[in-house]
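Just so you know, the protein sequences line up as chains A, L and P, in that order. Residue numbering for the first sequence follows this note's numbering, starting at 148 and increasing by one per position. Residue numbering for the second sequence follows this note's numbering, starting at 4 and increasing by one per position. Residue numbering for the third sequence follows this note's numbering, starting at 17 and increasing by one per position. C-beta: ideal position from N, C-alpha, C; glycine also. In this text the structure is predicted, and so the values were computed from the model without any measurement. This report concerns only the one structure given below.
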Amino acid sequence: MSLLEVSNISKSFGGIVALNACSISVEQGSITGLIGPNGSGKTTLFNVITGYERTDAGEIRFKGKPITGLPPDKVFRAGIGRTFQLTRIFPRLTVLENMHVAVQRHGTTSLLSRWSSSHEQRRALELLDFVGITQLKDMPAGNLSYGQRKLLEFAFILIAEPQMILLDEPAGGINPAMIERLAGYIRILNSRGLTFLIVEHNMEFVMSLCKHVMVMHRGTKIAEGEPEAVRSNPAVLDAYLGE
Amino acid sequence: MGPVIEGIILGVLTGGVYALMSSGLTLLFGVMDIINIGQGILVILGAYLSYVLEQHLHIDLFPGLLITMPVMFFLGWLISFVFRPIKRDRMMLSVLVTFGIALIIEGVLNLIFTANIVSLQAWYITASIPLPGFSPPFYLPYIYVFGFALAVVLLAGLYILVYRTDFGRSLRASMQNRTAAELVGIDVEGISSITFGIGVALAAAGGMAFGATNGFDANSAYDLISRLLAIIVFGGMGSLSGALIASVSMLVIEDVVAQIWDPHWATLVFFVLLVIILVLRPQGLLGKVEGRKQ
Amino acid sequence: MRIFKVVALLALLAFAIAFPLLFPNGEVTSIAFFTLLFAAMVTAWNVLAGYAGYLSLGHIVFFGIGAYALALICKHWNVPAGYGIFLLVPVSGLIAALIAIPTGWVALRVRRHTFIVITIALFFIGQLLAENMTSVTNGTTGLDLPFPGSWGGQFFNIPFYYAILILLLIAIAVSWWVRHSKYGLGLLAIRDDEDRALGLGVKTEISKLSAFVIAALIIGMAGAIWAYFIGAVYPASAFDPTFDITMALMGFLGGIGTIAGPILGALLLEPFHQYLAADYPDLYLVLYGALLVLVLLLLPRGILPTLQDYWRKYQAQRQRIRIDNDVVISSLPEQDEPAKIKTEGINL
């Protein structure tokens, strides 16, 4: 079943066409890769899906319901979390406080309550434990190393219990041991039902993790299929090597 | 119809002078990400300098600019050094720093000149041309025309500098992408300092024109800076053409309103325009949208 | 450690309550009044500027609005002088808060520098309106407030002192509550990365606006109390740009983003302000401006956070010394072997 359906999305910035009638769909429960040369529109697509950019045309459906044009907070609450290429965490808040920003509360009276109930604290600590950075919980997040920030970003997305996570170059800028570690987390979470859409340049990472890969070029999808098939697809090779 | 035309004429002429004062402000924002709250008091300082030259050395206002402008350029250039140690991500503090500098200058001016209102004197301030076709007759003091001509000349010079010289190209590169400019070897800090100097030199010129058409003291700076800020927001922060269009249009509207309704409320209209632009188009006429960060 | 803190705070509170009785001199209580006035205002301003990171350099406009609101109410309802007027202070504050709603909505449509500029413009609009709406505000002639003649001599300052003390305590309570609530966490997240906060479900629009209005409410009440104290309001005095800068400077000096920082800033600067501003206003401007520049360049985070940093570093140093040589302090994940991944207890 298709969890996320993007249909004919177009987006231009001034004269530059970033997305050109792009259509993709992501199966529920899958780990899907999204690759393509620089400038192919991958990050723009992420931005449009998550509401950071408005689309000029086209439709996006999540769990069957349209989410086109929704602002980022509504997209998040609909169940889609995302990370950023250059990790975006809250540097002046502690690691634990970072976790709690994403915790959803309902009703206005809840706003007046303390920023973390004991139940929420427990959950936050669980997740920090899962990614192995519990010992840093009281440290200002700005003091974390790049790898630690990636883990934190990963963890606080999870606290809101999303159904789908968009990862923007998760393997970028970290060492192989850490990459393996992240891949491990992704596999475990996926086995528990979480769907992933991953933009990556690291081919090994994509090939080993993703069962299904889509290739973008010049704002549109040019190929998709199993990693091996895509890898040897002449159109894909052209896109990467050409121009 | 007569009053409206009068308003338009006055608005255009004074708008030119305001464009002079606000272009330095918007340029500085574009390059250094600094909002120089001190621009108002610097204009007044320029006015006082012209006053001193005229009163004590009997140097006429326009030739006097040959002295005041370089002096003020140097002052602006010096002041820019205060901002060098501020780290990139703390640039917002620079607004308060400029406020602090403005207070210092205001205090010094008050100490020297006290709170007496002064104005600049010259034959072309009191002498005026009668414009044809108006009844009651409309006498336009020469200073308005000369001031406008000054503004046109200086702004044309600025335009050439920014769009037709190497310096200008480096300046525009720094405005668009500071890091990239540094990477290609542009001395962004040096350019910033020079830009600061240019902005203050233009303020000196504007100050002379302002002081010749208004009585002033150090306190006039508050009203002045609030107008200049409104202009650059309306035009779009960082946009030179925006500052120009905003200056002229806002002044025209204000002066027309002053003619047909009430001068007091005209000032308010000035700010109402600001509110309107914020509601309809927050980035200003020609400003860039502060888009969602990717 | 906590007990020590609580006791110290209670002692401080007791001292503040007893202050006018210990130092009944009119000049002293007057300075104390202004100190507490600014402490309350800066504490409130800090909710928007320090927590949410939106530096409003125009919130003093609400001070003026509160001041004029009280003056107008007293005039139109012929309110007699006396303690009763203090009950109208919250009303004046509420009026300021109501005006803050649409004002804040417009101002918060922009960010960063533009926001700062807009707030400055709003301040001047307020001053202009006070000058020009002469039918309502009496223009530059100003308005008078009822004068409680029965509060003679040294006693005069006392009710005002306690009124402003109460307001300060309210401001501190609000600041403390915001800081420790989910709402406050949202504001701090907005300060660090507003779009990221939005993307994580924080309701940024309403959070920012409410911070704006809360600050306006308290600053408005401060303006009302001040107006009653001074006895008259004029456009230039109720909308005084130097009050504005003073607030910002106190906030930055003490440390914005903390609860006690604003109060520290007020305690340090206001007595100095009162002594100099009356007799040497120009020298005061020069020194003030210079102080502002120095503080921003040398101590950008303010006294309190800088001290907190030193304290933290000192403590970290001591811990490091205590631990034996062969134990690594913080294990960085990258240096670990691929860590054992815990799977129990994770509910997704």
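Which residue wins for smallest C-alpha separation from residue 238(L), given the options 26(L), 20(L), 10(L), 13(L)? As a position in the second sequence, residue 238(L) is number 235, starting the count at 1. For residue 238(L), the closest alpha carbon among the candidates 26(L), 20(L), 10(L), 13(L) is that of 26(L).
Give the straight-line distance between the Cα atoms of residue 209(P) and residue 240(A), rounded to the nearest whole angstrom. Your numbering for residue 209(P) matches position 193 in the third sequence. Your numbering for residue 240(A) matches position 93 in the first sequence. When rounded, the distance between both Cα atoms is 11 Å.
Less than 7 Å between CB atoms is the rule here; does residue 238(A) satisfy it with respect to chain P? If you number the first sequence from 1, residue 238(A) lands on position 91. Judged by the 7 Å Cβ criterion, residue 238(A) is in contact with chain P.
Taking just the CA atoms, how far does residue 216(P) sit from residue 278(A)? What you label residue 278(A) is simply residue 131 of the first sequence in a count that begins at 1. What you label residue 216(P) is simply residue 200 of the third sequence in a count that begins at 1. For residue 278(A) and residue 216(P), the distance between alpha carbons rounds to 19 Å.
For residue 209(P), which residues in chain C fall below 7 Å Cβ to Cβ? In the structure shown, chain C cannot be found, because the protein chains are A, L and P.
Whole angstroms are fine: how far does the CA of residue 304(P) sit from the CA of residue 44(P)? Mapped onto the third sequence, residue 44(P) falls at position 28. Mapped onto the third sequence, residue 304(P) falls at position 288. Those two C-alpha atoms are separated by around 22 Å.
Reference residue 190(P), options 227(P), 118(P), 315(P), 167(P), closest by Cα: As a working note, residue 190(P) is residue 174 in the third sequence. The shortest C-alpha separation from residue 190(P) is found at 227(P).
CB contact check: residue 219(A) to chain P, cutoff 7 Å: For this step, residue 219(A) is matched to residue 72 along the first sequence. So yes, residue 219(A) belongs to the interface.
In angstroms with no decimal places, state the Cα-to-Cα distance between residue 321(P) and residue 311(P). Position 305 of the third sequence, counted from the first residue, corresponds to residue 321(P). Position 295 of the third sequence, counted from the first residue, corresponds to residue 311(P). Answer to the nearest angstrom: the Cα atoms are 13 Å apart.
Cβ distance (whole Å) where residue 234(P) is taken to contact residue 56(P) below 8 Å: Your numbering for residue 234(P) matches position 218 in the third sequence. Your numbering for residue 56(P) matches position 40 in the third sequence. Between residue 56(P) and residue 234(P) the Cβ distance is about 6 Å, and since that is below 8 Å, they are a contact.
For residue 62(P), count neighbouring C-beta atoms within 10 Å of its own C-beta (all shown protein chains included) and say buried if the count is 16 or more, exposed if not. The residue you call residue 62(P) lines up with position 46 of the third sequence. Buried: at least 16 other Cβ atoms inside 10 Å.
Cutoff 7 Å; reference residue 300(P); Cβ partners in own chain excluding five residues on either side: Within the third sequence, the letter at position 284 stands for residue 300(P). Answer for residue 300(P): 292, 293, listed in chain order.
Can you pull the chain A neighbours of residue 204(P), defined as C-beta to C-beta under 9 Å? By 1-based counting over the third sequence, the position of residue 204(P) is 188. Ordered by position in chain A, the residues that pass the 9 Å Cβ test against residue 204(P) are 237, 239, 240, 244, 248.
In or out: residue 338(A) buried (at least 16 other Cβ within 10 Å) or exposed? Reading the first sequence from its first residue, position 191 is the one you call residue 338(A). Burial call: exposed.
Nearest-angstrom beta carbon gap, residue 207(A) and residue 215(A) [assumed within contact, 8 Å]: Counting from one through the first sequence, the residue named residue 215(A) turns up at place 68. Counting from one through the first sequence, the residue named residue 207(A) turns up at place 60. Contact holds; Cβ gap of about 5 Å.
Any contact between the region 178 to 185 of chain P and the region 115 to 127 of chain P? By contact I mean 3 or more CB pairs, one from each, below 8 Å. Contact fails between the region 178 to 185 of chain P and the region 115 to 127 of chain P, because fewer than three Cβ pairs, one in each stretch, are under 8 Å apart.
Of all the residues that make up the region 212 to 224 of chain P, which are near chain A by a beta-carbon distance shorter than 8 Å? Cβ contacts with chain A: 212, 213, 214, 215, 216, 217, 218, 219, 220.
Interface residues of chain A around residue 323(P) at Cβ under 7 Å? Locating residue 323(P) in the third sequence gives position 307, counting from the first residue. Residues of chain A with a Cβ closer than 7 Å to the Cβ of residue 323(P) do not exist; the shortest Cβ-Cβ separation is about 16 Å.
My assumption, with CB atoms under 8 Å, is that residue 156(A) sits in contact with residue 202(A). Please give the rounded CB distance. Position 9 of the first sequence, counting from 1, holds the residue named residue 156(A). Position 55 of the first sequence, counting from 1, holds the residue named residue 202(A). About 5 Å separates the beta carbons of residue 156(A) and residue 202(A), which is inside the 8 Å limit, making them a contact pair.
Under the DSSP definition of a beta bridge, which residues are partnered with residue 343(A)? Position 196 of the first sequence, counting from 1, holds the residue named residue 343(A). Residue 343(A) pairs with 178(A), 312(A).
In angstroms with no decimal places, state the Cα-to-Cα distance between residue 381(A) and residue 359(A). The residue you call residue 381(A) lines up with position 234 of the first sequence. The residue you call residue 359(A) lines up with position 212 of the first sequence. Computed Cα separation, rounded: 18 Å.
Beta bridge counterpart(s) of residue 248(P) as assigned by DSSP: Indexing the third sequence from 1 puts residue 248(P) at position 232. For residue 248(P), which the question treats as bridged, DSSP gives the partners 160(P).
Three Cβ pairs or more, each shorter than 8 Å: is that satisfied between the region 10 to 23 of chain L and the region 177 to 196 of chain L? These segments do not touch.
For the putative contact between residue 268(L) and residue 41(P), defined by C-beta atoms under 8 Å, what is the C-beta separation to the nearest angstrom? Mapped onto the second sequence, residue 268(L) falls at position 265. Mapped onto the third sequence, residue 41(P) falls at position 25. The C-beta separation of residue 268(L) from residue 41(P) comes to about 47 Å, leaving the pair out of contact by the 8 Å criterion.
Using a beta-carbon distance cut-off of less than 7 Å, what residues from the region 108 to 136 of chain P approach chain L? Shown in chain order are the members of the region 108 to 136 of chain P whose Cβ falls below 7 Å from a Cβ of chain L: 122, 125, 126, 127, 128, 129, 130, 132, 133, 134, 136.
Within 7 Å (strictly less), CB to CB, does residue 27(L) reach chain P? The residue labelled residue 27(L) in the question sits at position 24 within the second sequence. It does not; no Cβ of chain P falls within 7 Å.
Expressed to the nearest angstrom, what Euclidean distance is found between the alpha-carbon atoms of residue 274(A) and residue 305(A)? By 1-based counting over the first sequence, the position of residue 274(A) is 127. By 1-based counting over the first sequence, the position of residue 305(A) is 158. Going by C-alpha positions, residue 274(A) is about 8 Å away from residue 305(A).
According to the Cβ coordinates, are residue 88(P) and residue 271(L) closer than 7 Å? Mapped onto the third sequence, residue 88(P) falls at position 72. Mapped onto the second sequence, residue 271(L) falls at position 268. Contact flag unset, no.
On a Cα-Cα basis, can you pick out the residue from 45(L), 85(L), 281(L) that is closest to residue 71(L)? If you number the second sequence from 1, residue 71(L) lands on position 68. Looking from the CA of residue 71(L), the closest CA among 45(L), 85(L), 281(L) belongs to 45(L).
When DSSP labels each residue in this structure, what does residue 247(A) get in the three-state scheme? By one-based count along the first sequence, residue 247(A) stands at place 100. Reduced to three states, the DSSP call for residue 247(A) is helix.
Taking the Cβ atom as the reference point for each residue, do residue 299(A) and residue 346(A) lie within a distance shorter than 7 Å? Here residue 299(A) refers to the residue found at position 152 when the first sequence is read from its first residue. Here residue 346(A) refers to the residue found at position 199 when the first sequence is read from its first residue. Residue 346(A) is positioned such that its CB atom lies no closer than 7 Å to that of residue 299(A).
Tell me where the beta strand (DSSP E) around residue 132(L) begins and ends. Here residue 132(L) is taken as the residue at index 129 of the second sequence, counted from 1. Counting along the chain, the unbroken beta strand (DSSP E) around residue 132(L) starts and ends at 131 to 134.
Using 8 Å for Cβ pairs, my map puts residue 181(A) next to residue 325(A). What's the rounded Cβ distance? The residue you call residue 181(A) lines up with position 34 of the first sequence. The residue you call residue 325(A) lines up with position 178 of the first sequence. Their Cβ separation, rounded to whole angstroms, is 21 Å, which puts residue 181(A) and residue 325(A) out of contact at 8 Å.
Decide if residue 105(P) is buried, meaning its Cβ has at least 16 other Cβ atoms within 10 Å, or exposed. Here residue 105(P) refers to the residue found at position 89 when the third sequence is read from its first residue. Buried, because 16 or more other Cβ atoms sit within 10 Å of the Cβ of residue 105(P).
Answer yes or no: do residue 142(P) and residue 255(P) have a C-beta to C-beta separation smaller than 7 Å? As a working mapping, residue 142(P) is identified with position 126 in the third sequence. As a working mapping, residue 255(P) is identified with position 239 in the third sequence. For residue 142(P) and residue 255(P), yes; Cβs fall inside 7 Å.
For residue 238(A), the residue or residues it bridges with in DSSP: The count along the first sequence starts at 1 and reaches residue 238(A) at position 91. Here residue 238(A) is not bridged, per DSSP, to any residue.
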